Structure formats: C-alpha cells, structure tokens
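Those protein sequences? They're chains A and B, same order as listed. Here the first sequence is numbered in the working numbering, starting from 1330 and rising by one per residue. Here the second sequence is numbered in the working numbering, starting from 1330 and rising by one per residue. We treat Cβ as the ideally placed atom computed from N, Cα and C, and that holds for glycine. Source: prediction; values computed, not measured. Structure record follows, encoded as structure tokens.
There are 2 protein chains.
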Amino acid sequence: MNRRVSILDTTLRDGAQMEGVSLSVVDKLRIAQRLDELGVAYIEGGWPGSNPKDADFFSRVKGLSFRHAKIAAFCSTRRAGQMAEQDPNLRAVLEAGTPVAVVVGKSSTMHVTGVLRTSLAENLRMIRDSVAYLKAAGLEVVFDAEHFFDGWKLDREYALETTRSAAEAGADCVVLCDTNGGTLPSEVSRVVAAVRRALPSVELGIHAHDDTGVAVANTLAAVEAGAAHVQGTINGYGERCGNANLCTVIPNLQLKMGYRAVAGGDLTLLTEVSRYVSEIANLRPDDHAPYVGNSAFTHKAGLHVSAMRKVANSYQHISPDQVGNRMRVLVSELSGRASIAHKLGELPLAVELSDEDMRQMIRRLKELESRGFQFEGAEGSFELLLRRARPGYEPPFEVQDFLVLVEKRSERDILSEATVKVVVDGTVMHTAAQGNGPVNALDTAMRKALLEFYPQLDKVQLTDYKVRILDEKAATAALTRVLIDASDGEHSWTTVGCSTNIIEASFQALLDSLELPLLRRASS
Amino acid sequence: MNRRVSILDTTLRDGAQMEGVSLSVVDKLRIAQRLDELGVAYIEGGWPGSNPKDADFFSRVKGLSFRHAKIAAFCSTRRAGQMAEQDPNLRAVLEAGTPVAVVVGKSSTMHVTGVLRTSLAENLRMIRDSVAYLKAAGLEVVFDAEHFFDGWKLDREYALETTRSAAEAGADCVVLCDTNGGTLPSEVSRVVAAVRRALPSVELGIHAHDDTGVAVANTLAAVEAGAAHVQGTINGYGERCGNANLCTVIPNLQLKMGYRAVAGGDLTLLTEVSRYVSEIANLRPDDHAPYVGNSAFTHKAGLHVSAMRKVANSYQHISPDQVGNRMRVLVSELSGRASIAHKLGELPLAVELSDEDMRQMIRRLKELESRGFQFEGAEGSFELLLRRARPGYEPPFEVQDFLVLVEKRSERDILSEATVKVVVDGTVMHTAAQGNGPVNALDTAMRKALLEFYPQLDKVQLTDYKVRILDEKAATAALTRVLIDASDGEHSWTTVGCSTNIIEASFQALLDSLELPLLRRASS
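If you want it as structure tokens, here you go:
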C-alpha cells in the first residue's frame, strides 16, 4: 500500500444539493468531525460567498481541531470584467480562513459563451486571476474544471487550456469534473490519460456524478489513468443521481486496488460514518449500498446460506468486518430450512424448544408473514416469537382494553389522549395519558401503567419509529407496517407491528418493545 | 446502431431474491408483459425445479403471447454422480416448456471442491451432460458460469475449461458471472478479452452484481471486450447490493455506445417500466436512479436553473424524454428566486398575483417548510398555496371540529370511528363514519359531509398514501410527514401534511386532496 489518493469529501457542499437534504450548521460540524475520524484529506465545507449558513459554518469550524483533514472553502472564478480582489465570492473564501480553497471555473466553450456569456479569452483570465489571487493569499488551491469532459468533446484544446491556465497560475491540483455525469469509464480513461500527458507536473483529480450509474467506475478509471485526488460524497449524496459515493470508492481503492485513501488505512469506521451521515441528513439509509448497506452482506437463499456454512466467504467478496459491517441471515418465506436453522442457531433459546414447539413457532411465523409482518428487520419481535413458544411462558402484562382519541374543536389545540387497561400479575391498572400524537399518548399511558411493577422500564427509551405503507394503492385503507427501535442504554432491539389501522400496528410494535426487555431480564 | 446486445432480464428470478421482495405469480406475469413491451430479448421467469410458485408461473405464462421476448427457465447442472435424465431440476425445465434454458454451473475450483464437494472432473461432466441434455431436447441453452471471475483468479485454466465444456456441449451462449460482485471493470475487461480469444466462436455474456458499486460499468466493460449478451434486473433488484441495473445499462448501451439493446430501439417506456416494477414489487422507487429516477433530471440550485434557461441541456447529459422521464425544478429553501420564478411560471395562476401577494405567498411557503412541510413532491399542495393567495379566494368548505376514536375492548374487534363538523356555504354538516383505520374513517366521514354539495368528489379517489417519520430519533413523538396521491380518473395530484400527530398530518393532506379539485373546477 504505497500509492496514495487524496480524498476530498464534498458531502457538505455538493451533497447538500440533494433533493430532500437540509443540513444545519451544527449538523455540518458534526459530520465534519466524523469525516476527520474516518481520515479523509479534505473536507469541503461549503460556499461562503453564496450561502450565509456556510459562512457561519466556517467561523465555527475554526474552533474545532482536526487530526487528519484540512477544511476547504468553495468559490467560483471571479466575475467577467472585474478584478479578483473586488470579487465578494473570492474575498469570502479569505474571510472563511480555511487553508484550502476549491475554485470552480468553466472548461466547456458552450458554457463560457452560452451560459456565462463572456469571451473564451476572458474566461482563461478569470481562471488565472482567481487562482493567483488565492495562491498569493497563501492558500492551497484546488481548481475544479467544470464540464471538463463535455468541454473536451466540444473543443479539447480549449478545455485543456483552462486546466493549463489554472496550473500555470499555481493551482496545486486540477480536478476534471464530469458535471453532468454523462461520461462512461472508457472515455474517462482516455481523457485523463491525455491530460496526464499534456500536463505532466500538476496533480490531477476527478469529480464524477452518477447520471449514467458509473460515477464510482469513472473515479477508479481516472485513478488508474493517473489522477491522485478524488472528490465525492458520503453515500453518494448529491443533485440528480448524486456524486461518486465515497463509501464505495474508498474501499475499492484500498481493499481492491492497493491505494491508501484514508489516513491510517483503517476502514472499520466506514459503515458507521455512512449511517451517521444518513441519520443526520435524515435520509433513509440505502440498505443495498455496496460495503456499508444493511443488506450488503445478507444472505437469504437457502443455497447460499448452506454454502456459507461450508466455506466462509464463498458468497462474499470481502469480509464485512473490514468495513465495519456484518453478515446477516434472513428469515423469509423464500429461504429454506438452512436459513431458519442458522437464524435460530444465533439465539440460545432455540435449544430449549421441542421439535413440536419449533414446528408451531414456524407455523406462527409464516402466518404472521402472510398478514404482512416481516421479521427481516425486527429481530426483537422474532425473539419474542421464540420466547413465547417456550414452555412455561408467562406474559409479564396483558392489555385488556385501550382507547385512543384525537380531537380538534374550533380554535383549540388538537388533543391526543389514550386510555389503557392492563393486567399485571392479577392487578388491573386502568390509566390514561396525553401525548403530542396518538401513539405518543399510548406510549405514555403504557409506561404509567407498567412502571410501578417494572421500574426497569424507566431506562427503556424508544429511539426510532418508522412507518411503511405496504399496499400504497389502497391509500388510507392500506396495510401499514410499523417498526420501533428501543434501547435500555446497553442493548437495543427492533419490533414490528402490522395492521390496516396505523394505531393498532404502532401499538403492537410498542407492546413488543416493552415486553422483550422484561422477558430477557426474567430469564437472565 | 448496427451492433446488437441481447438483454436477458432476470428480475423475476435473481431480482426476486432481494430482501423485502415477494412477487406473486400474477405479479410476475404482469412484469413479464411489461418487459416484453420494453423489448428485451429474454425473460428469465424463475427456477421451476426449486420453487413451486415458479412452476405455476411457467404453466400460466404459456397462455400469454410475447412480441419480442423469449421466456427462459433457470436450473443448475445435474447432481454429482447422477444421470442428467434423472435430475428433477433439469426435468422441471423441460416440463416448464420454455424455448430457452439457463443452466448454472460452477467455474471456481473452490466452489467445486469446497461447496459442491465433488471432483473437478465430475463438475466438468456435470456441465457437459446438463447442457447436452437440454440441447437434445431442442432448447436454446445459456450457460451461466458461476463465480467465473473469482474462479479465474484461483485457477484460470480450470475456469476456462468449464466454459469450454459448456460450449462444446452445444451451449448457445456462455455467460461469465461475477457472482459475489467483487470484481472491478479493468479486470472484467482483461478477463473477458482473454476468454474471447480462447473461445472465439461461442457468444459470450456477462452477469454482474453490484457489491463494489460497478455492476453497470462491469457490464459495459464486458460488452466493449466482446460480450454480446447482458444479464441484469430492472432497477438493479437482487440480493445484497443487487444486480446490474438494466434501467441504466440499456440506455448507456443505446444512447451512449451505439448498440441496439431492445427491439425497436425505443426507450421512451423505460421510466414507466422502472416505476411499474417498483410498484409491483412494493419497493419505494429510487428517486436518484440514473435515467429513470424522479430526481434524475431535477434542478434545485439557482445557478443551474438560470443556466438551463439560457442553454437547454447545459446541465443535462441527455434529454429526459428519450427515456420517458421529465425535467423538474424544485421549490426549496436552498434555491434562489430563479427556481421559484420557474416553478411559478409553470402555473398559469401565478400571473394573477400582485407582487405583494407573491411575497406573502413565498413567506408562507418558507414558514411551512420550516415546520417540516416539503412541497418538492407535493405539487398539489403547492398549487393550493397559490390559489389561496389569489384575491377573492373562497374556501369551498371549512372543517370546524373533528374527533377520531380508536377503541379495543377485550375480545371485540378494534373499532375506528371519526366525526367531522364541516361548514359548506353556511350550512353545518355534522356527521360520522367508521373505517378500517383512523385515517380511512376520517376520509369516509369527510366524503359523507361533502358529497351532497360537491357530487363531483365521487370521482376523486385516493390512490396512494405515504408516511415519513422526519426526526426518527424522537420515536413516537416524532414529526410526521404524510403524502397523499389522489386522482379523478383524468388528472392526479399529490398533497402534503406535517405534524407530530400522524392523524393531523394525514387529515391536512386529505383536506388538500379534496379541496384542490373543487378549486380547479371552479376556476375553469
């Protein structure tokens, strides 16, 4: 592992352009710290001259210390016909006080004359002046050659000239951008190699978008052709189809191609960073993402699972712990007995079940699945199925009745109230609570009823709540599946409920989330 | 467009292995018909010898006629030490009665000796016998060389020998499978070229998985190196990280590389097929998917939008209508006035607003966004914002009170009931209804209250209902966003509601979905 590639993460700038993403300044600071722990070389924090929130980020990021990463501020070349010193967008970068500036300039004649509406010569001067201005201020300068590959197709001499102008003005790195994402790997390969020959001394970089589904491959092709700087985002976030996904690019470079891409070379934080960023960005994680997805090392078909038991990694391209992920085996109607046996084998309780208990449990499992339950992501409810099948199972509580009421009268605030009648050990607890929604009211009422008997529930917090409409076409009459994550600070578990009634589905998952820790404790 | 690539779609077989996917026989038949309309060459329907549901599919698919596609049945090579004629898995293919068989065999020495636990020589005989048996029955035979690239790394002579055995036994096509998805494009390129030289006369194919995020690129690399048969799935569905995504591969081959990949060469059905399959598979469509995603041609940043207005396609790699998709411009806090002006420009109503009305509307929009509303996917509610800002706006109805009750008593079934008090034109309608859940009860009650005044609402159906938990960490107290799709048979619209109370959020979206058609009708 001698060869190095510098990673510039632009999750906070280009990634934040993604539909549905809105990051607060605090979110950005937290993400920056995680990126530093992962060991990227550069963190592009934003565009201080275009967005006041970004300026705030740069002023606050100065108070943090980073072990590996340099913070970079983004800007465009100066405006046509003006002096660099007078350009507020360039001055904002100096005010941001970062050690690195990324300056974007146009490389395609169509964009210079058609979009920017200036002359080809003036565009070259804009690039030169802007880079020189930032270099004179002592910054490390990365030049992003926008629309480079499209520009190359239109007028390769001019495209090359823009990068030469940047290099001559002192740019430390010239990044070839496939801004519209329309270029395929073999072309990226040829073009990067040609630029490498034309500009042998400046460091080259690649910035790829995924509009043809090959952003990762384009990045690898560019590195193979001589690029040593890679731009991308965590989880591939970005406009339209996204940017090159660093969670795929980095392990490909390190584990497959022998490059060092992150400081220290340790990728075991990768899965955690991926999920952390999706959580902060409030986007559902892509379960099928390479390397870091929850399903990336998941085995379902009976065939594969029985093969895996014979030869480890026979159906895995790497060992998941190299990237901090894990192997999973699914319970599912498609899978054979091998999968279920493997799954049950993970739970020590299974050994206590007789063959007949086990058959009944599997029958119950299949019946629930046919009603829309799914235990693939709800190991807590699956464990409860097992525990309830054990001889001598005693439910720690039983809900006899419940009532939920949501009321809005004229000008008054909306009211959510729940009543529950719960039997614990022969005692009837009938109580009620309000909440900021009906499920929250039920949750609060249940805790009121149970805490007296089970003070340990005080530690149990619900940490996540997901709703999935199964047959969306049935609209408001649709079957609804609810997943609840809960934690006692030490362990966490996920439970499931399913019903056409969203309240009932939520209540089922809620009751499971409260029963499981009580049973676990009783049996330990 | 002279060169052709044959597409074998395995959505119904390999795609159905994806976590969370369960396709009924009817689902599979419907998908097969759409694939035929798209113009793929082969549709792999399943594994009749392994799955009774698949056998049912093959018996029913015979009753359908296909214009372009041949139906293929999947099987494995015969068992070790047995005769092909006695292998139930091979006989099931003949019983399936398809014109094409895909037979998978092992190409990696590790899998032969470690997983299959037979001799290398017997594995070659198994391949030869199985292919010859199916050929003798008159079938077109595709041989899938499982783990070919991994096998090549371990023992390239043996891997090659397995494909040679298949070719010599009469296989019409030999497909090199990257079963674990761990191979990168430059290696695929080298290996396919080497196999091409070693077996110059048989057709070669490629079957790629996306575990390193390069399944599409591997497919293209194989075609460039001489493969003429491509296997993949719609939307890239498949185990773990999925298979090569045909919705990306096909337009890359046709629009970028000059191959003919589907009969007729017309890709305008592509987006529709992609969304249809995700709907049938009950998976949320990937908005960011290349070519077919809802965001694939979406523009948010003010910069891009103003450039697009100057030079069409300056920020798009193709014209979206080539693949049946469309350009979208988003309303969002990140975007500048150019985006909002473009958005408003799409709605003829905007011209009726004074500058002051417009400023107020934008203020209201931003306030709602800060409360968690998002209008990016809810054009119906956005149009209502505009319509409500018009001078002389008269609400067609006003909800004064509502009450929702969900009740479960002992052994009785759960009950959901809603009451609504609605004022229409000075008349108070106070009514109630039951439903199979609380939102369905509200929907039914509202229609009871309004139908007398607005009989045209009879045609309005809710066609989709989605729930998104925004701050999932807040668990049952979380902010919830609800999207409802409605249609009157001619037009459809999407509306949004947002609240910590899921009933309130649903009710907001529901009321918008009912108000919009009334206002549209009044103004037309």
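| query | result |
| --- | --- |
| Please classify B/A1718: does DSSP put it in a helix, a strand, or coil? | helix |
| Return the residue from the list A/D1730, A/L1713 and A/H1538 that minimises the CA-CA distance to A/T1760. | A/D1730 |
| Quick one: complete alpha helix (DSSP H) runs, 4+ long, within the region 1416–1456 of chain B? | 1417–1425 |
| Identify the contact partners of A/Y1588 in chain C, using a Cβ-Cβ distance below 9 Å as the criterion. | Absent from the structure is chain C; the protein chains it does hold are A and B. |
| With a 10 Å radius around its C-beta and 16 neighbouring C-beta atoms as the bar for buried, classify B/Q1785 as buried or exposed. | exposed |
| List the endpoints of the continuous alpha helix (DSSP H) containing A/G1764. | Note, A/G1764: premise wrong, no alpha helix (DSSP H); beta strand (DSSP E) at T1756 to G1764. |
| At least one CB of chain B closer than 7 Å to the CB of A/R1569: is that the case? | yes |
| Spell out whether any CB of chain B is found under 7 Å from the CB atom of A/E1833. | yes |
| Return helix, strand or coil for A/G1375, following the three-state DSSP convention. | strand |
| So which residues of chain A does B/Y1644 contact, with C-beta pairs closer than 8 Å? | T1508 and N1509 |
| Nearest to B/V1559 by alpha carbon, out of B/M1412, B/I1372, B/Y1722 and B/V1728? | B/I1372 |
| Starting from A/T1548, trace the beta strand (DSSP E) both ways and give me its first and last residue. | Run containing A/T1548: none in the beta strand (DSSP E); it sits in the alpha helix (DSSP H), A1544 to E1553. |
| Please tell me whether A/G1653 and A/L1598 are closer than 7 Å, where the distance is taken between their beta carbons. | yes |
| Shortest alpha-carbon distance to A/T1442 belongs to which of B/L1714, B/H1646, B/V1658 and B/V1640? | B/V1640 |
| I'd like to know whether the C-beta of A/N1829 is nearer than 7 Å to at least one C-beta of chain B. | Inspection of the sequence shows that residue 1829 of chain A is occupied by Thr rather than by Asn. With 7 Å as the cut-off, A/T1829 counts as an interface residue toward chain B. |
| Please state if the CB of B/I1563 and the CB of B/A1551 are separated by a distance shorter than 7 Å. | no |
| Give the straight-line distance between the Cα atoms of B/W1822 and B/I1813, rounded to the nearest whole angstrom. | 8 Å |
| I'd like to know if B/L1513 contacts chain A, where contact means its C-beta is closer than 7 Å to some C-beta of that chain. | yes |
| For A/V1749 and A/A1774, I'd like the C-alpha separation in whole angstroms. | 7 Å |
| Report, in whole angstroms, the separation of the C-beta atoms of B/V1545 and B/N1574, which I expect to be a contact under 8 Å. | 6 Å |
| Return helix, strand or coil for B/T1340, following the three-state DSSP convention. | coil |
| Going along the region 1729–1740 of chain B in order, which residues come within less than 9 Å of chain A, judged by CB to CB distance? | Q1729, D1730, F1731, L1732, V1733, L1734, V1735, E1736, K1737, R1738 and S1739 |
| Report whether the distance from the Cβ of B/L1598 to the nearest heavy atom of the ligand SAM is below 6 Å. | The ligand SAM is not part of this structure, which contains no ligands at all. |
| Taking DSSP as the reference, what is the three-state secondary structure of B/G1480? | helix |
| Find the nearest neighbour of B/D1684 within the set B/L1847, B/L1715, B/G1701 and B/M1656, judged by alpha-carbon distance. | B/L1715 |
| Mapping the DSSP letters down to three states, classify A/S1603 as helix, strand or coil. | helix |
| Just the chain B side, please: which residues come within less than 7 Å of A/G1743 by C-beta, in chain order? | Looking at the sequence provided, one finds Ile at residue 1743 of chain A rather than Gly. Within chain B, the residues near A/I1743 are N1830 and E1833. |
| Any chance you could list the alpha helix (DSSP H) runs of at least 4 consecutive residues sitting entirely within the region 1764–1843 of chain A, in chain order? | 1767–1780 |
| From B/L1694 to B/A1834, what does the alpha carbon distance come to, in whole angstroms? | 17 Å |
| Quick one, which of A/A1807, A/A1838, A/R1342 and A/M1347 has its alpha-carbon nearest A/L1358's? | A/R1342 |
| If contacts are defined as beta-carbon pairs under 8 Å, then B/G1567 and B/H1538 qualify, I think. What distance do you get, rounded to the angstrom? | 7 Å |
| Run through DSSP, which three-state label would B/K1391 get? | coil |
| One question on the structure: do A/T1809 and B/N1765 come within less than 7 Å of each other, judged by their Cβ atoms? | no |
| Hey, A/D1503 and A/F1472 are a contact pair by Cβ (cut 8 Å); roughly how many whole angstroms apart? | At residue 1503 of chain A the sequence reads Val, which differs from the Asp that was named. Between A/F1472 and A/V1503 the Cβ distance is about 5 Å, and since that is below 8 Å, they are a contact. |
| Buried or exposed for B/Y1588, please, with buried defined as at least 16 other CB atoms from any protein chain shown within 10 angstroms of its CB. | buried |
| Tell me, please, whether the region 1458–1468 of chain B touches the region 1398–1417 of chain B by the rule of three or more beta-carbon pairs shorter than 8 Å. | yes |
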